[in-house]
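Novice: One structure coming up, written as structure tokens, with questions to follow.
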Amino acid sequence: LQIFVELSMASIIGVLSILYLVFIPAICSYGPQNITPSEVRVNLSGQGVVIGNTNTTAWTGQTYMQFRGIPYAESPSGERRYKPPAPRKPWSTPLQANDYGRICPQLFTYNRLSPDKLQGDLEDCLTLNIFTKKLNATQPVMFYVHGGSLQVGFASDHRPDYLLEEDIVLVVIQYRLGVLGFAGTKTPDMAGNFGLMDIMLALQWVQEHISAFGGDSAKVTVFGESSGGELGGALLISPKTPPSAFQRLIIQSGSIVDKQSINMEPRAQVARVCRALKCEKCECIHRAQRCLKGAPVMDLLKAAESERYGLIIDDYYDTIPEHPAQLIGQTNKNVPIMTGFTKHDGAIVLGFFYDDFKVSHPNLNTVTVRDFATALMNWMNDTTGLTNNAMTRLL
Numbered sequence: 001l002q003i004f005v006e007l008s009m010a011s012i013i014g015v016l017s018i019l020y021l022v023f024i025p026a027i028c029s030y031g032p033q034n035i036t037p038s039e040v041r042v043n044l045s046g047q048g049v050v051i052g053n054t055n056t057t058a059w060t061g062q063t064y065m066q067f068r069g070i071p072y073a074e075s076p077s078g079e080r081r082y083k084p085p086a087p088r089k090p091w092s093t094p095l096q097a098n099d100y101g102r103i104c105p106q107l108f109t110y111n112r113l114s115p116d117k118l119q120g121d122l123e124d125c126l127t128l129n130i131f132t133k134k135l136n137a138t139q140p141v142m143f144y145v146h147g148g149s150l151q152v153g154f155a156s157d158h159r160p161d162y163l164l165e166e167d168i169v170l171v172v173i174q175y176r177l178g179v180l181g182f183a184g185t186k187t188p189d190m191a192g193n194f195g196l197m198d199i200m201l202a203l204q205w206v207q208e209h210i211s212a213f214g215g216d217s218a219k220v221t222v223f224g225e226s227s228g229g230e231l232g233g234a235l236l237i238s239p240k241t242p243p244s245a246f247q248r249l250i251i252q253s254g255s256i257v258d259k260q261s262i263n264m265e266p267r268a269q270v271a272r273v274c275r276a277l278k279c280e281k282c283e284c285i286h287r288a289q290r291c292l293k294g295a296p297v298m299d300l301l302k303a304a305e306s307e308r309y310g311l312i313i314d315d316y317y318d319t320i321p322e323h324p325a326q327l328i329g330q331t332n333k334n335v336p337i338m339t340g341f342t343k344h345d346g347a348i349v350l351g352f353f354y355d356d357f358k359v360s361h362p363n364l365n366t367v368t369v370r371d372f373a374t375a376l377m378n379w380m381n382d383t384t385g386l387t388n389n390a391m392t393r394l395l
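Residue 223 in the UniProt record's numbering sits at position 223 of the sequence shown; the count goes up by one each step and never skips.
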């Protein structure tokens, strides 16, 4: 495991801040729309023809090509629910790749959609979006994994208008979330970690087809924010990720060794969701699995509303066979990593901790920094010891 240490933390934070500024603002600012989109066709060997269009970058108005909503997997619905993703079958007629398509099921967003948007196959969402300025080139590839606590997020929130100022190919993917992507019982019928498997398949798709979009498959950088960063770390340590899948990794405010990244009681969680669905004999794994597999999407999302999801250790397919703290020392991938955090990065988590802290320390006026830090370390339950070592030095 090779980690770049030449940069100071201040430099890393500065670079990540620039990356955040040029990418995340595209959520609210879509850049110039002063050209008429032109049709662009790309023939993908063994897959089919995709038809995209053009747009312009936000700052300098450079023209780029966009191919949105390209399916990389079959719909994980019906018999494929809670199964590893299956590569998308070739299509015979040209695919209109002009729309981001359906977002993956998530209650927070679905509650705000009109009924007509909740029709059809809601689970057919495993798509990727490709943005490039040159087709006949070998440009570096940036492969983005969105964050959202493994429960929310979608590709159209992360547009290319700023990153495409540089000569890169940008890939933004969607993967299964929440109860559909990360629930599991560690059995063949419901292994878990399906969202991570989706990302692995999307990376395989990129290796096979990105050259058709002017991308260099030997220069793929995976980058993600928050839980997207955690998933990037999971890709690095998983023995199921081929060494050739990507060559660099940027982790923005996410950690695979954070206790909240791991689901320590996945079977108990499935049983809780089963009971929330009003199914019977949920203590039986097979009955619980059958209940979740057959539930309508919206009912399933509502039943799992109060659940938090993480990666499952020792799932049936061994995507994460051991605790990440152990896997980090075993990985043989030679991947440079850039990681860091933003100012007040823990503020959102501090709100959850503060409520618990007040229960044990009702008189906050008498609390010392050491008291607070000690309680915080205990609450985090960092099994790696990294947090304790860092905090001890500061104190």
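Backbone N, C-alpha and C define an ideal beta-carbon position, used for all residues, glycine too.
From the DSSP output, which residues share a beta bridge with E225?
Specialist: Here the question's residue 225 lines up with position 225 in the sequence shown. Q252, per the DSSP bridge assignment.
Novice: Could you check which residue in T138, M200 and Y64 has the C-alpha nearest to that of I320?
Specialist: What you label residue 320 is simply residue 320 of the sequence shown in a count that begins at 1. Per the Cα distances, M200.
Novice: What are the partner residues of R68, as DSSP defines its beta bridges?
Specialist: Within the sequence shown, numbered from 1, the residue matching residue 68 stands at position 68. For R68, which the question treats as bridged, DSSP gives the partners N98.
Novice: Note down, in chain order, each residue of its chain lying with its Cβ closer than 6 Å to the Cβ of T63, except the 5 sequence neighbours on either side.
Specialist: Taking the first residue of the sequence shown as position 1, residue 63 is located at position 63. The answer, listed in chain order, is T54 and T56.
Novice: Following the continuous alpha helix (DSSP H) through T109, name the residue where it begins and the one where it ends.
Specialist: As a first step, residue 109 must be located in the sequence shown, where it is residue number 109. T109 -> alpha helix (DSSP H) spans L107 to Y110.
Novice: Comparing alpha-carbon positions, which option in F108, I70 and K117 lies nearest Q96?
Specialist: Your numbering for residue 96 matches position 96 in the sequence shown. It is I70 whose Cα lies nearest to the Cα of Q96.
Novice: Helix, strand or coil: which one does DSSP assign to N388?
Specialist: As a working mapping, residue 388 is identified with position 388 in the sequence shown. DSSP places N388 in helix when its eight states are reduced to three.
Novice: May I ask you to report which of helix, strand or coil DSSP gives P84?
Specialist: Along the sequence shown, one-based indexing puts residue 84 at 84. P84 falls in the coil class under three-state DSSP.
Novice: Does DSSP put G294 in a helix, a strand or coil?
Specialist: Within the sequence shown, the letter at position 294 stands for residue 294. In the structure shown, G294 sits in a helix (DSSP, three-state: H, G or I).
Novice: When you compare only the Cα positions, how much space is there between Q204 and R81?
Specialist: To locate residue 204, count along the sequence shown from 1; it is residue 204. To locate residue 81, count along the sequence shown from 1; it is residue 81. Roughly 21 Å separates the two Cα atoms.
Novice: With a CB to CB cut of under 6 Å and the five nearest residues on each side skipped, what residues in its chain are close to A202?
Specialist: Position 202 of the sequence shown, counted from the start, is the residue given in the question as residue 202. The answer, listed in chain order, is Y72, L128 and I173.
Novice: Looking at the strands, I want to know which residues DSSP matches up with V367.
Specialist: As a working note, residue 367 is residue 367 in the sequence shown. According to DSSP, V367 bridges with nothing at all.
Novice: Which residue wins for smallest C-alpha separation from L107, given the options V141, L327 and Q151?
Specialist: Stepping through the sequence shown from its first residue, residue 107 is reached at position 107. Measuring from the Cα of L107, the nearest candidate turns out to be Q151.
Novice: Under three-state DSSP, which class holds R393?
Specialist: Numbered from 1 along the sequence shown, position 393 holds the residue referred to as residue 393. In the structure shown, R393 sits in a helix (DSSP, three-state: H, G or I).
Novice: Looking at I130: is its Cβ nearer than 8 Å to the Cβ of F213?
Specialist: Locating residue 130 in the sequence shown gives position 130, counting from the first residue. Locating residue 213 in the sequence shown gives position 213, counting from the first residue. For I130 and F213, yes; Cβs fall inside 8 Å.
Novice: By the 10 Å Cβ neighbour count, where 16 or more other Cβ atoms means buried, how is E230 classified, buried or exposed?
Specialist: Working through the sequence shown from its first residue, we reach residue 230 at position 230. Looking at its Cβ environment, which holds 16 or more other Cβ atoms inside 10 Å, E230 is buried.
Novice: Return the chain-ordered list of same chain residues with a C-beta closer than 7 Å to the C-beta of G31, the five sequence neighbours on each side being excluded.
Specialist: Counting from one through the sequence shown, the residue named residue 31 turns up at place 31. Its pLDDT being 39, under 50, G31 is placed unreliably in this model, and the value from its coordinates should be taken loosely. Here the set comprises T56, T57, A58 and D161.
Novice: Roughly how many angstroms separate the alpha carbons of E305 and S38, rounded to a whole number?
Specialist: Locating residue 305 in the sequence shown gives position 305, where the first residue counts as 1. Locating residue 38 in the sequence shown gives position 38, where the first residue counts as 1. Computed Cα separation, rounded: 42 Å.
Novice: State the Cα-Cα distance for the pair G195 and Y317, rounded to the nearest angstrom.
Specialist: What you label residue 195 is simply residue 195 of the sequence shown in a count that begins at 1. What you label residue 317 is simply residue 317 of the sequence shown in a count that begins at 1. If I take the Cα positions, the gap works out to 13 Å.
Novice: Is the CB-CB distance between N193 and L311 below 8 Å?
Specialist: The count along the sequence shown starts at 1 and reaches residue 193 at position 193. The count along the sequence shown starts at 1 and reaches residue 311 at position 311. Their beta carbons are under 8 Å apart, which means N193 touches L311 by this criterion.
Novice: Going by CA-CA distance only, name the one from R102, A245, G184 and G181 that's closest to I210.
Specialist: Residue 210 sits at position 210 when you count from the first residue of the sequence shown. Answer by Cα proximity: A245.
Novice: The beta strand (DSSP E) with L139 in it runs from where to where?
Specialist: Translated into the one-based positions of the sequence shown, residue 139 becomes position 139. The amino acid occupying residue 139 in the given sequence is Gln; Leu does not appear at that position. Per DSSP, Q139 belongs to the beta strand (DSSP E) from Q139 to V145.
Novice: Count the other CB atoms within 10 Å of the CB of P324; is the residue buried (16 or more) or exposed (fewer)?
Specialist: What you label residue 324 is simply residue 324 of the sequence shown in a count that begins at 1. Buried, since its Cβ has 16 or more Cβ neighbours within 10 Å.
Novice: Would you be able to state if there are at least three C-beta pairs under 8 Å between the region 131 to 151 and the region 87 to 104?
Specialist: No, the region 87 to 104 is not in contact with the region 131 to 151.
Novice: Let me know if L249 comes out buried or exposed under the rule of 16 or more other beta-carbons within 10 Å of its beta-carbon.
Specialist: Locating residue 249 in the sequence shown gives position 249, where the first residue counts as 1. Buried, since its Cβ has 16 or more Cβ neighbours within 10 Å.
Novice: Provide the residue(s) that pair with F131 in DSSP beta bridges, ordered along the chain.
Specialist: Counted from its first residue, the sequence shown places residue 131 at position 131. F131 is bridged to Q66 and L170.
Novice: Please tell me whether V220 and Q247 are closer than 8 Å, where the distance is taken between their beta carbons.
Specialist: Here the question's residue 220 lines up with position 220 in the sequence shown. Here the question's residue 247 lines up with position 247 in the sequence shown. In this structure, Q247 lies closer than 8 Å to V220 by Cβ.
Novice: What are the boundary residues of the beta strand (DSSP E) that includes R272?
Specialist: For the purposes of this step, residue 272 is taken as the residue at position 272 of the sequence shown. No beta strand (DSSP E) contains R272, which is instead part of the alpha helix (DSSP H) from P266 to A276.
Novice: Three or more beta-carbon pairs under 8 Å between the region 141 to 157 and the region 166 to 180, yes or no?
Specialist: Short answer: they touch.
Novice: Tell me whether the beta-carbon of T185 lies closer than 8 Å to the beta-carbon of R267.
Specialist: For the purposes of this step, residue 185 is identified with residue 185 of the sequence shown, where counting begins at 1. For the purposes of this step, residue 267 is identified with residue 267 of the sequence shown, where counting begins at 1. In contact: T185 and R267 (Cβ atoms closer than 8 Å).
Novice: Taking the CB atoms as reference points, tell me whether V141 and V169 lie closer together than 8 Å.
Specialist: Taking the sequence shown and counting its residues from 1, the one referred to as residue 141 is at position 141. Taking the sequence shown and counting its residues from 1, the one referred to as residue 169 is at position 169. In contact: V141 and V169 (Cβ atoms closer than 8 Å).
Novice: Can you tell me which of A303, D116, R88 and D157 puts its alpha carbon nearest to the alpha carbon of L126?
Specialist: Taking the sequence shown and counting its residues from 1, the one referred to as residue 126 is at position 126. The option with the nearest alpha carbon to L126 is R88.
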